[in-house]
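As you go down the protein sequences, you meet chains A and B in turn.
Letter by letter, the first sequence follows residues 1 to 254 in the numbering used here.
Letter by letter, the second sequence follows residues 1 to 469 in the numbering used here.
Just so you know, even glycine gets a beta-carbon here, dropped at the ideal spot from N, CA and C.
This one's a predicted model, so the numbers in the text were calculated from it and none came from an experiment.
Read through the structure below, which is laid out as structure tokens, and then see the notes.
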Amino acid sequence: MNRLEIQNLRATIAEQEIIRGLSLAVPKGEVHAIMGPNGSGKSTLAKVLAGHPDYKVLSGSVMMDDEDVLGLPPDERARKGLFLAFQYPNEIPGVTIANFLRAAVQARLPEGEELEATDYYAKLYEKMDLLEMDRSFTSRSVNEGFSGGEKKRNEILQLAMLEPKYAVLDETDSGLDIDALKVVAHGVNSLRGPNLGVLLITHYQRLLDYIVPDHVHVMVQGRIVRSGDKSLALQLEEKGYDWVRDDVAEPAMA
Amino acid sequence: MVNQISPLEIERNAGNFAYPETHLHDAGVGLTEDTIHYISNIKEDPEWVREFRLNAYKTFLSKPMPTHWASKDLEAIVFENIRYYLSSGTQAKRSWEDVPDDVKRTFERLGIPEQERKFLAGVEAQFDSEAVYSNIKAAVGEQGVIFVGSTEGLKNHPEIFRKWFGKVIPTGDNKFSALNSAVFSGGSFIYVPPGVKVKHPLQAYFRINAENFGQFERTLIIVDEGAELTYMEGCTAPKFNTATLHSAVVELVALKGAKIQYITVQNWSANVFNLVPKRAIAHEEAEVKWIDCNIGSRLTMKYPGVVLKGRKARGEVLSIALASNGQHQDTGAKMVHAADETTSNIISKSISIGTGRATYRGLVHVPKHLKNCKNNTECDALLINANSRTDTYPAITVRGTGNSVQHEASVSQVSADQIFYMQQRGLTEAQAMSLSVNGFVNDLVRQFPMEYSVELKRLIELEMEGSVG
Numbered sequence: 001m002n003r004l005e006i007q008n009l010r011a012t013i014a015e016q017e018i019i020r021g022l023s024l025a026v027p028k029g030e031v032h033a034i035m036g037p038n039g040s041g042k043s044t045l046a047k048v049l050a051g052h053p054d055y056k057v058l059s060g061s062v063m064m065d066d067e068d069v070l071g072l073p074p075d076e077r078a079r080k081g082l083f084l085a086f087q088y089p090n091e092i093p094g095v096t097i098a099n100f101l102r103a104a105v106q107a108r109l110p111e112g113e114e115l116e117a118t119d120y121y122a123k124l125y126e127k128m129d130l131l132e133m134d135r136s137f138t139s140r141s142v143n144e145g146f147s148g149g150e151k152k153r154n155e156i157l158q159l160a161m162l163e164p165k166y167a168v169l170d171e172t173d174s175g176l177d178i179d180a181l182k183v184v185a186h187g188v189n190s191l192r193g194p195n196l197g198v199l200l201i202t203h204y205q206r207l208l209d210y211i212v213p214d215h216v217h218v219m220v221q222g223r224i225v226r227s228g229d230k231s232l233a234l235q236l237e238e239k240g241y242d243w244v245r246d247d248v249a250e251p252a253m254a
Numbered sequence: 001m002v003n004q005i006s007p008l009e010i011e012r013n014a015g016n017f018a019y020p021e022t023h024l025h026d027a028g029v030g031l032t033e034d035t036i037h038y039i040s041n042i043k044e045d046p047e048w049v050r051e052f053r054l055n056a057y058k059t060f061l062s063k064p065m066p067t068h069w070a071s072k073d074l075e076a077i078v079f080e081n082i083r084y085y086l087s088s089g090t091q092a093k094r095s096w097e098d099v100p101d102d103v104k105r106t107f108e109r110l111g112i113p114e115q116e117r118k119f120l121a122g123v124e125a126q127f128d129s130e131a132v133y134s135n136i137k138a139a140v141g142e143q144g145v146i147f148v149g150s151t152e153g154l155k156n157h158p159e160i161f162r163k164w165f166g167k168v169i170p171t172g173d174n175k176f177s178a179l180n181s182a183v184f185s186g187g188s189f190i191y192v193p194p195g196v197k198v199k200h201p202l203q204a205y206f207r208i209n210a211e212n213f214g215q216f217e218r219t220l221i222i223v224d225e226g227a228e229l230t231y232m233e234g235c236t237a238p239k240f241n242t243a244t245l246h247s248a249v250v251e252l253v254a255l256k257g258a259k260i261q262y263i264t265v266q267n268w269s270a271n272v273f274n275l276v277p278k279r280a281i282a283h284e285e286a287e288v289k290w291i292d293c294n295i296g297s298r299l300t301m302k303y304p305g306v307v308l309k310g311r312k313a314r315g316e317v318l319s320i321a322l323a324s325n326g327q328h329q330d331t332g333a334k335m336v337h338a339a340d341e342t343t344s345n346i347i348s349k350s351i352s353i354g355t356g357r358a359t360y361r362g363l364v365h366v367p368k369h370l371k372n373c374k375n376n377t378e379c380d381a382l383l384i385n386a387n388s389r390t391d392t393y394p395a396i397t398v399r400g401t402g403n404s405v406q407h408e409a410s411v412s413q414v415s416a417d418q419i420f421y422m423q424q425r426g427l428t429e430a431q432a433m434s435l436s437v438n439g440f441v442n443d444l445v446r447q448f449p450m451e452y453s454v455e456l457k458r459l460i461e462l463e464m465e466g467s468v469g
């Protein structure tokens, strides 16, 4: 099946359980949003999916197109088509975006095959035009001295270049003013299509005004407590997270 | 763990081979006055050189090992166990055809004749104690440029040689300059006449083939008024279980308005002690630039210096040191300002991997009576692992009011999160590391000649591949 499927996932950091039996499926071609209050484990979920070494999986599975990815190192998951747009992307001093992306594209080629520089730059410029980026952007060192908006745009450019099967966007809206938010949303929307599944993690509803999701999930205390269509996001906006927190409490009281 | 080959063995594969020894001349093991007479006899030294050697030998014996400020590892050098002279003759060949087959094969494996054809104005190749090949392109020779081994320089150009020999680095400068002065053999002698700008680099390649051996080449370069030269040196040795000693002396003289660029890519195997005093004198408006890359060796102690003797002279040291498991790169720079309006610039970048240790020692001296002198020093260290080590010992004395000095130092570490970020884009851990390291040295490497920046990048990649399990 063409989907990113998470089943009964439990994960810890520093012996504290953050993801507590989470299940979710993102079929290719769809955009799913996860919303939730601070501390509900949204960013932890993103890191666990990508294979960050600080997090330990206790049980459950993550399947990408029917292949278990939890046993794979982070770089192999990435090469198989899983992309994470970081909430706080790291700086790589002295390495230009163009060279970084070139190394990343090269890493996806079969052994012994050399990336043609002209093909690479043609593709890079095509994607930059699509995202309405200035050509000079990629000659800067990766994230070094970037504003919040520039960092996020860099993440979207990498997403466009690496053409993953599934993309997890972690709080891509945080730290953005409204203009930057529109630019990023435009980028994501132009990459939407039948070959990409997107898991959009956000705290606020406002991103969903610009990237309209097919499904919305609400995450509280490490699980999905409610799922629905885009109207769920609006309901949340109106009633606040306490509304779903009560949902979490109910079964315990029953 | 099966695949975990130490980084040093991996990256040294290209140089890690040796052919059986077929030396005609062998001074035997250990160092006495007899050893020096043996060397002088083989080389048919003039009497003043024999005297110079014997005096230097006394100085060598009288000097203590510099273990009080440098590494205790120096104590592992056992002078009695070293062979001080090995050669099959003292006359370098002008054509590769005339070089003995096994020696020629060595340099062919290292790609030297090919590089010579491609981009060099001349090449000297030293095998153990003597140059086996030295040649410059006819057009360069016709301009009056002299490029020969030191043995030949001493014999055929005594008037220039004697004038400058031992003047930049005197015998008694330190224990190892004294040792070199006693037993020196090989190395380059270069003279560039006034106004001649040598377009392509001259290159020397130093190869140690024998075990238990000490290589003591002596390089003397004089660039006359308004002339320009780029000189590059490379070095390799097979990996033996015993300690090998490389203790050269390099003296540069840049006369008025001359420019010298001296580039080293040191890639000795991990059993080599590499202890090399290097110094230049820059006369009025002259410029000397040392580009120094230390990748190999067990212990390197090297602090290229410039004595800024004439007004408006300029000195520069750009250095990169990569210290892997078990290695200590103790490197730095010296800038001695001795005239008004002199400027110096030192940029040093070091990378420590695993138990590797990088040390920066810098000396900048500007006396009180000088005016309008400037120094800029930047030293940046990158630590790859938690057990990696770096130390910085800058000694800057600037007196007087009309001089300025600027010093910046930084230590950074490749963080686990940075590596994770790159892995998430599909790079392996080793690729991520090597990209980080290349980024760290990038602004410096950009100033190197193309051929060397490519080579350096490749060496770093190999080194990083071996350093992650």
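Output yes if chain A places a C-beta closer than 7 Å to the C-beta of residue i; else output no.
i	result
leucine 318 of chain B	no
arginine 425 of chain B	yes
tyrosine 421 of chain B	yes
aspartate 380 of chain B	no
With burial defined as no fewer than 16 other Cβ atoms inside 10 Å of the residue's Cβ, what is the status of residue i: buried or exposed?
i	result
isoleucine 178 of chain A	exposed
serine 139 of chain A	exposed
glycine 36 of chain A	buried
proline 7 of chain B	In this prediction, proline 7 of chain B has a pLDDT of 33, which is less than 50 and means its spatial position is unreliable; nothing more can be read from the coordinates.
aspartate 129 of chain A	exposed
aspartate 292 of chain B	buried
leucine 49 of chain A	buried
glutamine 447 of chain B	exposed
tyrosine 421 of chain B	buried
aspartate 75 of chain A	buried
glutamate 217 of chain B	buried
tryptophan 48 of chain B	exposed
Which bits of chain B does residue i rub up against, with CB to CB less than 8 Å?
i	result
valine 95 of chain A	Leu435, Ser436, Asn438, Gly439, Asn442
phenylalanine 146 of chain A	Residues of chain B passing the Cβ test: none, with the nearest at roughly 13 Å.
Say whether chain B places a C-beta atom closer than 7 Å to the C-beta of residue i.
i	result
arginine 153 of chain A	no
leucine 159 of chain A	no
leucine 45 of chain A	no
arginine 10 of chain A	no
histidine 52 of chain A	yes
leucine 84 of chain A	yes
leucine 4 of chain A	no
alanine 254 of chain A	Confidence at alanine 254 of chain A is low in this model, with a pLDDT of 35, below 50, so the placement of that residue is unreliable and no value is reported for it.
So which residues on chain A does residue i lean against when the C-beta distance must stay under 7 Å?
i	result
threonine 428 of chain B	Asp75
aspartate 417 of chain B	Asn90
glutamine 431 of chain B	Ala103, Ala107
Strictly below 7 Å CB to CB, what residues from chain B border residue i?
i	result
arginine 79 of chain A	Gly426
At 9 Å on the CB atoms, spell out the chain B contacts of residue i, in chain order.
i	result
leucine 70 of chain A	Chain B residues near leucine 70 of chain A: none, gap ~15 Å exceeds 9 Å.
leucine 162 of chain A	Arg425, Gly426
Kindly say whether residue i, judged by its beta-carbon, lies nearer than 7 Å to any beta-carbon of chain C.
i	result
glutamate 287 of chain B	No chain C appears in this structure, whose protein chains are A and B.
Kindly confirm or deny that the stretch 37-44 of chain B and the stretch 80-94 of chain B touch, where touching means at least three C-beta pairs closer than 8 Å.
They touch, by the three-pair rule.
Could you tell me whether the stretch 406-420 of chain B touches the stretch 376-386 of chain B, using the rule of 3 or more Cβ pairs below 8 Å?
Per the Cβ contact rule, the stretch 406-420 of chain B is in contact with the stretch 376-386 of chain B (3 or more Cβ pairs under 8 Å).
Answer yes if the stretch 52-64 of chain A comes into contact with the stretch 382-397 of chain B, meaning at least three C-beta pairs across the two stretches below 8 Å, and no otherwise.
The stretch 382-397 of chain B is not in contact with the stretch 52-64 of chain A.
Between the stretch 160-170 of chain B and the stretch 192-205 of chain B, can you find at least three pairs of beta-carbon atoms closer than 8 Å?
Under the Cβ criterion (8 Å, minimum of three pairs), the stretch 192-205 of chain B does not count as touching the stretch 160-170 of chain B.
Check each residue of the stretch 260-284 of chain B: if its Cβ is closer than 9 Å to any Cβ of chain A, include it; give the result in chain order.
From the stretch 260-284 of chain B, no residue has a Cβ closer than 9 Å to chain A.
What residues in the stretch 191-202 of chain A have a beta carbon less than 8 Å from any beta carbon of chain B?
Listed in sequence order: no entries.
If we count Cβ pairs, one from each stretch, closer than 8 Å, do we get three or more for the stretch 175-186 of chain B versus the stretch 150-159 of chain B?
Because the criterion of three Cβ pairs below 8 Å is met, the stretch 175-186 of chain B and the stretch 150-159 of chain B touch.
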